[in-house]
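Residue numbering for the sequence shown is 119 to 506, as defined by the numbering used here.
One structure is given below, encoded as structure tokens.
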Amino acid sequence: MVRFLHTSDWQLGMTRHFLEGEAQARYTGARIDAIRSVADVARREGCEFVVVAGDVFESSLVATQTVRRALEAMGSIDVPVYLLPGNHDPLDAVSVYSSRVFAAARPENVVVLDTPGLHEVAPGVELVAAPWFSKEPLSDLLADALAGLGPADGVRIAVGHGALDVLDPDESSVRSIGLAGLQRALADGVVHYVALGDKHTRLGVGEAVHYSGSPEVTSFREEQPGDVLVVDVSAGAPPVLTPHHVGTWSFVSVQAQVEGAADIDALDEELGALAPKDRTVVRTALQGTLTLADKARLDTLLDAYDDAFAARITWSSHDDIAVVVGDELTDLGVGGFVDHVVDRLAAQAGVGGAAGPGPAGAGSAGDEAGTARDALSLLYRLAKGPAA
Ligand SMILES: [Mn+2]
Numbered sequence: 119m120v121r122f123l124h125t126s127d128w129q130l131g132m133t134r135h136f137l138e139g140e141a142q143a144r145y146t147g148a149r150i151d152a153i154r155s156v157a158d159v160a161r162r163e164g165c166e167f168v169v170v171a172g173d174v175f176e177s178s179l180v181a182t183q184t185v186r187r188a189l190e191a192m193g194s195i196d197v198p199v200y201l202l203p204g205n206h207d208p209l210d211a212v213s214v215y216s217s218r219v220f221a222a223a224r225p226e227n228v229v230v231l232d233t234p235g236l237h238e239v240a241p242g243v244e245l246v247a248a249p250w251f252s253k254e255p256l257s258d259l260l261a262d263a264l265a266g267l268g269p270a271d272g273v274r275i276a277v278g279h280g281a282l283d284v285l286d287p288d289e290s291s292v293r294s295i296g297l298a299g300l301q302r303a304l305a306d307g308v309v310h311y312v313a314l315g316d317k318h319t320r321l322g323v324g325e326a327v328h329y330s331g332s333p334e335v336t337s338f339r340e341e342q343p344g345d346v347l348v349v350d351v352s353a354g355a356p357p358v359l360t361p362h363h364v365g366t367w368s369f370v371s372v373q374a375q376v377e378g379a380a381d382i383d384a385l386d387e388e389l390g391a392l393a394p395k396d397r398t399v400v401r402t403a404l405q406g407t408l409t410l411a412d413k414a415r416l417d418t419l420l421d422a423y424d425d426a427f428a429a430r431i432t433w434s435s436h437d438d439i440a441v442v443v444g445d446e447l448t449d450l451g452v453g454g455f456v457d458h459v460v461d462r463l464a465a466q467a468g469v470g471g472a473a474g475p476g477p478a479g480a481g482s483a484g485d486e487a488g489t490a491r492d493a494l495s496l497l498y499r500l501a502k503g504p505a506a
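Put into structure tokens, the structure is as follows:
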């Protein structure tokens, strides 16, 4: 029996467009810290080695700072670390793995799986690696690496990167990994576990074929990010997997119908419960119709959360708040010149009805009314002073 740690898709060097300034820097730092968390889990659980199943780096063009810091953190892992080149970091002419900085900074325990096929990693333990050599391979690299191998003498683990054919929406893809072939190799004892990378969310397909997912979240679509897998593999029995959560960030989508004060309270409660906020990115999709007063309160509330969260962004395609302009205008009490502006904006907004920002690219008349309502809403908020 061998125990090892399966992880993938570190995507080191990745930036997220919705993170600004200090938040981006902290996110970058957290992704290096994830390597140290891998070291902790491997030590605590007695793993004999670590396998990173592709996309260690976001691209071949990552900063030398990223490469040096990543390798320094990998050096803190007590056991060998096997890196598989994936679609983001293939072993091509400009590969990060053949760069001078990688060679100079590589700790001794870090090994690049730079040839397809067998790699002995311990007595009686072999990896079958399927590294990527370009971004556009013309075949199923893992099937190629397994071709011609007979049953293993000891324990054998296949290491590949890419979409399984059963999960790939592109049915004509020549490089998707055939599940049937993997199941045959497992049944015949050619391999005993298949460690995959590419999906950033943890996913098992049958008992011995698994994606570990990214150790730190990378997108709102991921259902189970932030895990690494400790895997016990033996020749005679199914593998035993234990997920360990190492991720410290979360990306959360909040969708809500907001029609008045009670709904704003509920939204406040939902956002307030998310923690820790400085490592949480929230994407809000709000729909409904609000009075000027309620819209002002909502905007004030969201402004406060913009500060508290690492980022709070609007999910534009699912967000549609309309403002209904009513009697509030008469008790604004601003007077003078501003009253004239209010009258003009109210006329443009078609006061009495309701209108949202409307779909992008809508007619200019609709845009004008929506803009006028937004302006009135902001004016109302300013005139009323800071709300709670
Ligand atoms: Mn990836």
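We put the beta carbon where it would ideally sit given N, CA and C, even for glycine.
Run the proximity test for residue i: is its beta-carbon closer than 7 Å to any non-hydrogen atom belonging to ligand 1?
i	result
G278	no
Q129	yes
H206	yes
H328	no
D345	no
V286	Here the sequence assigns Asp to residue 286, which means Val is not the residue at that position. Flag unset: Cβ of D286 not near ligand 1.
H318	yes
D173	yes
Quick one: measure Cβ to Cβ for residue i and residue j, integer angstroms, because I've assumed they're closer than 8 Å.
i	j	result
V351	H318	No, V351 and H318 are not in contact; Cβ-Cβ is about 23 Å, not under 8 Å.
A263	V246	5 Å
V168	T125	7 Å
D173	H135	Rounded, the Cβ-Cβ distance is 19 Å, inconsistent with contact.
A171	H279	6 Å
I195	A157	4 Å
Q129	T366	Going by Cβ atoms, the distance from Q129 to T366 rounds to 16 Å, so no, they are not a contact pair.
I'd like the span of the alpha helix (DSSP H) that includes residue i, first residue to last.
i	result
S146	One detail in the question is off: residue 146 reads as Thr in this sequence, not Ser. Unbroken alpha helix (DSSP H) run through T146: 139–163.
Q466	454–467
Going by other Cβ atoms of all chains shown within 10 Å of its Cβ, with 16 needed for buried, is residue i buried or exposed?
i	result
M119	exposed
L60	No statement about residue 60 is possible, as the shown extent of the chain runs from 119 to 506 and does not include it.
A380	exposed
S332	buried
H458	exposed
G344	buried
K413	buried
F455	exposed
L256	exposed
G354	exposed
R499	buried
E325	exposed
A467	buried
G268	exposed
Can you tell me which of the three DSSP states residue i falls into?
i	result
I195	coil
E238	strand
A506	Confidence is the limiting factor: at A506 the pLDDT is only 44, short of 50, which leaves the residue's position unreliable, though a coordinate-based value still follows. Three-state DSSP puts A506 in coil, outside helix and strand.
L392	coil
T182	helix
F220	helix
R320	coil
L267	coil
Q301	helix
E326	Residue 326 is actually Ala in this sequence, not Glu. Coil.
D485	helix
V441	strand
E244	strand
R415	helix
L450	coil
L209	coil
A380	helix
H124	strand
L256	coil
A313	strand
L201	strand
L189	helix
L285	coil
Residue i lies in the beta strand (DSSP E); which residues open and close that run?
i	result
T407	398–409
V230	228–230
E429	Here residue 429 turns out to be Ala, not Glu, going by the sequence shown. 429–432 is the extent of the beta strand (DSSP E) around A429.
V277	273–279
D350	345–351
D361	Correcting the residue identity first, residue 361 is Pro in this sequence and not Asp. First-last of the beta strand (DSSP E) with P361: 358–363.
R339	Neither: R339 is in no beta strand (DSSP E) and is coded neither H nor E.
F369	368–375
V168	168–170
Do residue i and ligand 3 come close, with the Cβ less than 7 Å from some heavy atom?
i	result
R224	Within the structure as shown, ligand 3 is missing, the only ligands being ligand 1.
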